[in-house]
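Notes follow the structure.
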Ligand code: ZN
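In this note's numbering, the protein residues as written are 15 to 257.
Listed below in structure tokens is the structure:
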């Protein structure tokens with residue numbers, strides 16, 4: 015398939031192994047000739063997420079050979095330092111809850127700014143022009159460091175600071191979770207005839223979203239506790255997409 019940007023051929027995908035970042039990975043594999051992946055290990059309470067991402071990469075290579083050959087190196091950066099600057103339910107043994115600020119206590123101030131800065135440094139070194147990230151303004155959580163304006167400001171700051179044009183691409187910014195399922199279906203379909211259903215079932219089976227790290231309860235939308243905000247969002251999106 016013809017790359018969309020004649021100038022931008024290579025991309026780095028922020029890839030956590032969840033539904034959103036897997037859809038972003040499919041997007042990048044559709045658009046670009048070489049795609050590398052990046053995740054951060056910040057002592058998440060649940061290593062299942064890090065396992066899930068390797069499973070997904072494996073399955074993409076096997077089930078989508080037309081994408082597999084574009085898939086380059088996978089990077090994992092240690093961000094244990096995040097645990098020193100924040101106390102959140104993602105890095106400590108705390109229950110998920112909403113705080114007085116209206117943000118969930120999974121919020122690490124500026125975390126995504128740090129992610130993008132490190133991603134840009136890696137992209138620079140690897141000769142990659144585009145950073146693809148699954149941030150989204152239509153999500154319930156409303157993290158300020160995931161908003162469109164923040165992304166645009168980061169793109170400018172990083173391009174200036176590294177004296178190299180860098181694109182931050184956000185394919186999910188304005189779509190909801192039902193549309194994210196549809197997007198995955200459409201992208202899979204572009205790869206090959208049965209690819210739509212195949213990519214959706216790959217996402218259901220192998221991606222991980224649940225905050226509680228639950229891989230024992232299987233629903234039609236995938237594995238998870240079914241009651242945490244991440245599971246609820248994924249389940250509701252699935253239900254609306256199926257309808
Ligand atoms: Zn859950």
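Glycine included, every Cβ here is placed at the ideal spot set by N, Cα and C.
- For residue 88, the beta-bridge partners assigned by DSSP are 51.
- Pairing residue 242 with residue 43, the inter-Cα distance amounts to about 31 Å.
- At a cut-off of 3 residues, the continuous stretches assigned as beta strand (DSSP E) that sit fully inside the segment 139 to 209 are 144 to 146 and 181 to 183.
- Nearest to residue 89 by alpha-carbon distance, out of 83, 71 and 34, is 71.
- Here residue 27 carries a strand assignment [DSSP, helix/strand/coil].
- Using a Cβ distance threshold of 8 Å, residue 48 and residue 23 count as a contacting pair.
- Residue 226 has its CB nearer than 7 Å to a heavy atom of the ligand ZN.
- Bounds of the alpha helix (DSSP H) holding residue 41 are 33 to 45.
- Around the beta carbon of residue 166, fewer than 16 other beta carbons lie within 10 angstroms, which makes this residue exposed.
- Judged by DSSP in its simplified three-state form, residue 227 adopts coil rather than helix or strand.
- Proximity to residue 125 across 99, 78 and 140 peaks at 99, based on C-alpha coordinates.
- The beta carbon of residue 244 sits closer than 7 Å to at least one heavy atom of the ligand ZN.
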